[in-house]
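J.: Protein chains in written order, with my numbering: chain A, 14 to 153; chain B, 14 to 153; chain C, 14 to 153; chain D, 14 to 153. Cβ coordinates follow ideal geometry from the N, Cα and C atoms, glycine included.
Protein chains: 4
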Amino acid sequence: MFVTETQIRIHYALTDQMGVVYHGHYAQFYEIGRAEAMRQINYSYKDIEAIGIIMPVVDIHSRFLRPAKYEDLITVKTILKELPIHHKIMFHHEIYNQQDELLNTGDVTLYFIQAKGMKRCEMPDDLKEKLAGYFPKITD
Amino acid sequence: MFVTETQIRIHYALTDQMGVVYHGHYAQFYEIGRAEAMRQINYSYKDIEAIGIIMPVVDIHSRFLRPAKYEDLITVKTILKELPIHHKIMFHHEIYNQQDELLNTGDVTLYFIQAKGMKRCEMPDDLKEKLAGYFPKITD
Amino acid sequence: MFVTETQIRIHYALTDQMGVVYHGHYAQFYEIGRAEAMRQINYSYKDIEAIGIIMPVVDIHSRFLRPAKYEDLITVKTILKELPIHHKIMFHHEIYNQQDELLNTGDVTLYFIQAKGMKRCEMPDDLKEKLAGYFPKITD
Amino acid sequence: MFVTETQIRIHYALTDQMGVVYHGHYAQFYEIGRAEAMRQINYSYKDIEAIGIIMPVVDIHSRFLRPAKYEDLITVKTILKELPIHHKIMFHHEIYNQQDELLNTGDVTLYFIQAKGMKRCEMPDDLKEKLAGYFPKITD
Numbered sequence: 014m015f016v017t018e019t020q021i022r023i024h025y026a027l028t029d030q031m032g033v034v035y036h037g038h039y040a041q042f043y044e045i046g047r048a049e050a051m052r053q054i055n056y057s058y059k060d061i062e063a064i065g066i067i068m069p070v071v072d073i074h075s076r077f078l079r080p081a082k083y084e085d086l087i088t089v090k091t092i093l094k095e096l097p098i099h100h101k102i103m104f105h106h107e108i109y110n111q112q113d114e115l116l117n118t119g120d121v122t123l124y125f126i127q128a129k130g131m132k133r134c135e136m137p138d139d140l141k142e143k144l145a146g147y148f149p150k151i152t153d
Numbered sequence: 014m015f016v017t018e019t020q021i022r023i024h025y026a027l028t029d030q031m032g033v034v035y036h037g038h039y040a041q042f043y044e045i046g047r048a049e050a051m052r053q054i055n056y057s058y059k060d061i062e063a064i065g066i067i068m069p070v071v072d073i074h075s076r077f078l079r080p081a082k083y084e085d086l087i088t089v090k091t092i093l094k095e096l097p098i099h100h101k102i103m104f105h106h107e108i109y110n111q112q113d114e115l116l117n118t119g120d121v122t123l124y125f126i127q128a129k130g131m132k133r134c135e136m137p138d139d140l141k142e143k144l145a146g147y148f149p150k151i152t153d
Numbered sequence: 014m015f016v017t018e019t020q021i022r023i024h025y026a027l028t029d030q031m032g033v034v035y036h037g038h039y040a041q042f043y044e045i046g047r048a049e050a051m052r053q054i055n056y057s058y059k060d061i062e063a064i065g066i067i068m069p070v071v072d073i074h075s076r077f078l079r080p081a082k083y084e085d086l087i088t089v090k091t092i093l094k095e096l097p098i099h100h101k102i103m104f105h106h107e108i109y110n111q112q113d114e115l116l117n118t119g120d121v122t123l124y125f126i127q128a129k130g131m132k133r134c135e136m137p138d139d140l141k142e143k144l145a146g147y148f149p150k151i152t153d
Numbered sequence: 014m015f016v017t018e019t020q021i022r023i024h025y026a027l028t029d030q031m032g033v034v035y036h037g038h039y040a041q042f043y044e045i046g047r048a049e050a051m052r053q054i055n056y057s058y059k060d061i062e063a064i065g066i067i068m069p070v071v072d073i074h075s076r077f078l079r080p081a082k083y084e085d086l087i088t089v090k091t092i093l094k095e096l097p098i099h100h101k102i103m104f105h106h107e108i109y110n111q112q113d114e115l116l117n118t119g120d121v122t123l124y125f126i127q128a129k130g131m132k133r134c135e136m137p138d139d140l141k142e143k144l145a146g147y148f149p150k151i152t153d
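1. Taking the alpha-carbon positions, what's the D/L116 to A/I45 distance?
2. Identify each residue in the segment 98 to 111 of chain C for which the Cβ-Cβ distance to at least one residue of chain D is less than 8 Å, and report them in chain order.
3. Does B/H74 come out as helix, strand or coil in the three-state DSSP assignment?
4. Strictly by DSSP, which residues pair up with D/K132?
5. Go to C/K141, then tell me how far its alpha helix (DSSP H) extends in each direction, as first and last residue.
6. For chain B, find out if any of its Cβ atoms is closer than 8 Å to the Cβ of C/I54; answer yes or no.
7. Can you grab the Cα-Cα spacing for the pair A/Y39 / D/M103, in whole Å?
8. Could you check the C-alpha separation between D/E135 and C/F77 for me, to the nearest Å?
9. Cβ closer than 8 Å: which chain C residues qualify as neighbours of A/G37?
10. Assuming A/S75 contacts B/D72 under a Cβ cut-off of 8 Å, what Cβ separation, rounded to an integer in Å, is found between them?
11. Since A/M51 is in the alpha helix (DSSP H), which residue starts that stretch and which ends it?
12. Report the neighbours of B/K59 on chain C: residues whose CB is nearer than 8 Å to its CB, in chain order.
13. 8 Å is my cut-off, CB to CB: does B/M136 come that close to chain A?
14. From C/L144, C/Q127, C/P137 and C/A145, pick the residue whose C-alpha is nearest to that of C/I67; which is it?
15. Going by the beta-carbon positions, is the gap between C/G37 and D/Q41 smaller than 8 Å?
16. For D/Y109, which of helix, strand or coil comes out of DSSP?
17. Under the rule that 16 or more other beta-carbon atoms within 10 Å means buried, what is D/V34, buried or exposed?
18. Opposite C/K101 in the DSSP bridges: which residues?
19. Look at B/E84 and C/K59 and say whether their C-beta atoms are less than 8 Å apart.
20. Kindly list the residues whose CB is nearer than 8 Å to the CB of A/L145, restricted to its own chain and excluding five residues on each side of it in sequence; keep chain order.
21. Could you work out which residues of chain D lie near B/L29, taking near to mean beta carbons separated by less than 8 Å?
22. Answer yes or no: do D/T122 and D/E18 have a C-beta to C-beta separation smaller than 8 Å?
23. One question on the structure: do C/H100 and C/Y124 come within less than 8 Å of each other, judged by their Cβ atoms?
24. Helix, strand or coil: how does DSSP classify A/K90 here?
25. List the whole-angstrom C-beta distance separating B/E114 from B/R79, where the pair is believed to meet the contact cut-off of C-beta under 8 Å.
26. Who are the near neighbours of A/K143 in its chain, counting only those whose CB is closer than 8 Å to its CB and skipping five residues on each side?
27. Would you say A/I45 reaches chain D, if we count a Cβ-Cβ gap shorter than 8 Å as a contact?
28. Per DSSP, which one or two residues make a beta bridge with B/I66?
29. Does any residue of chain C have a CB that is nearer than 8 Å to the CB of D/V70?
30. Rounding to the nearest angstrom, what Cα-Cα distance links B/P69 and D/A26 in this structure?
31. Taking A/A48 as the query, report the chain D residues whose CB atoms sit under 7 Å from its CB, ordered along the chain.
32. For A/F148, which residues from the same chain have a beta carbon less than 8 Å from its beta carbon, with the 5 sequence-adjacent residues on both sides left out?
33. Just to check my reading of the structure: D/Q30 and B/T28 have Cβ atoms closer than 8 Å, yes? What is that Cβ distance to the nearest angstrom?
34. Counting only C-beta atoms, is B/Q20 closer than 8 Å to chain C at any point?
35. If you follow the beta strand (DSSP E) that A/F15 is in, where does it begin and where does it stop?
36. Considering only the alpha carbon of each residue, which of D/I92, D/I98, D/L93 and D/N110 lies closest to D/K13?
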């Protein structure tokens, strides 16, 4: 398992007139969590785009348990439970506030796609190698 | 069943550097679809907040099939399959582009909550009456 | 002078916890106003990008007089006071609510830039022709 | 003069299809800069709202010199050149990228307003005291 954490300070633009963070912004928090996860293994989504691969989100499932509020310092926990199979990678996210209360969970599935031709492809090898150390080696 | 449609023109702010609408913005499209659905029966979410009830989103499940692009005129189809049971209401959304291709589906669950005390409550009676005509009457 | 109007319904995502539209969203309203202005002369910013020209915003000045609120149906008035000189075009925007109160004004300056090489260029000829009819012909 | 700095990592949601940060998002960067400035003197905009004062933005002037890009780590420099006069406070912002290139400047004027009655008021005394140390004392 590959688990990372990153923190985000809630600014005013993220609130709505219910006085809490607008539900539609959590997809951004997951995105920030995934990018930081990559950065912690010295990888960047920018590197992936640079070799002609894009990673569109194909599925998101969010559950909203408690609201995040203005000035909260939330923690986005990003969990890769297993290495991607073929063109598909799934991240699980958990978002906590500064009282360590679980606010939200999100499951986000992305595909690896070759930008030229828009065909599904596998995870780039160098990323696979960087991630492999976090997962048990499967032997015959 | 209560089905309504509304159209949204994609403006530049909604795109990202993949050249398509950022996935995180679809939650807004569902929200616009729900608000327009209410408006078509002469109701408004503003009316609900005015009587002290809020409707937080508690669950969203989105599937992304094809991207929406800059200047697309998308149609958000909003479907209420059944009248809410107790404090819970679920909308199904389908988003189409101007070629009538299905781009995205979203299932959004909201609760009716009394703002004062934050306790779950039932759908307001006047809204229930307005919606009732769209659903078969269940008799014993 | 070339003057056009377009309407925008305020949805929840645009509000903040002050109970009004977040000030940072007005730049989007101006953008929607400009795009609709182009559309009314059968032109599209997409056409401009298609011929390799981009139009980055280089200056915005906004004045906030009254707040826009949830469910307001605002009118964005977009005014081109003069034809662009060289690579520079300036739009003036006025935003009104449904009571015809002036909420906001914005002056937005954009450049015409060749995407390849990022050099300043003139407005495309076909757009200039379409706009010319709205302005007095200057003769010697 | 009161000068503070804060950093923001550009995430994907902030980009547009021009491949750079959408111009409309800079107002958020200024807002984050102002909030961090307050935090550095152990103050918070939340404290201001808690005593019934709101601070609507009444004027923004932005100049865009160079684009910010995905994954850039930008620095928002927030400068209060003088203590507020009556109900008016003006912040100057400068945004730099990691190569220390100036990307953008923004002048933002806000008012102190009593939420109840919406009347202009002065800056809260405790905030004035915290800020006073950064400015020369004017004596007769």
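T.: Taking the coordinates as given:
1. 22 Å
2. none
3. strand
4. D/Q127
5. D138 to A145
6. no
7. 32 Å
8. 19 Å
9. A26
10. 7 Å
11. Y39 to Q53
12. Y83 and E84
13. no
14. C/Q127
15. yes
16. strand
17. buried
18. C/I98 and C/Y124
19. yes
20. In the sequence as displayed, the identity of residue 145 of chain A is Ala instead of Leu. Only L96 meet the Cβ criterion.
21. It is worth fixing the name first, because residue 29 of chain B is Asp in this sequence and not Leu. What B/D29 touches in chain D: Y25, A26, T28, D29 and Q30.
22. no
23. yes
24. strand
25. 6 Å
26. I54, N55 and Y56
27. yes
28. B/Q127
29. yes
30. 23 Å
31. H24
32. M14, F15, E95 and L96
33. 4 Å
34. no
35. F15 to R22
36. Here chain D has residues from 14 to 153 only, and residue 13 of chain D is not among them.
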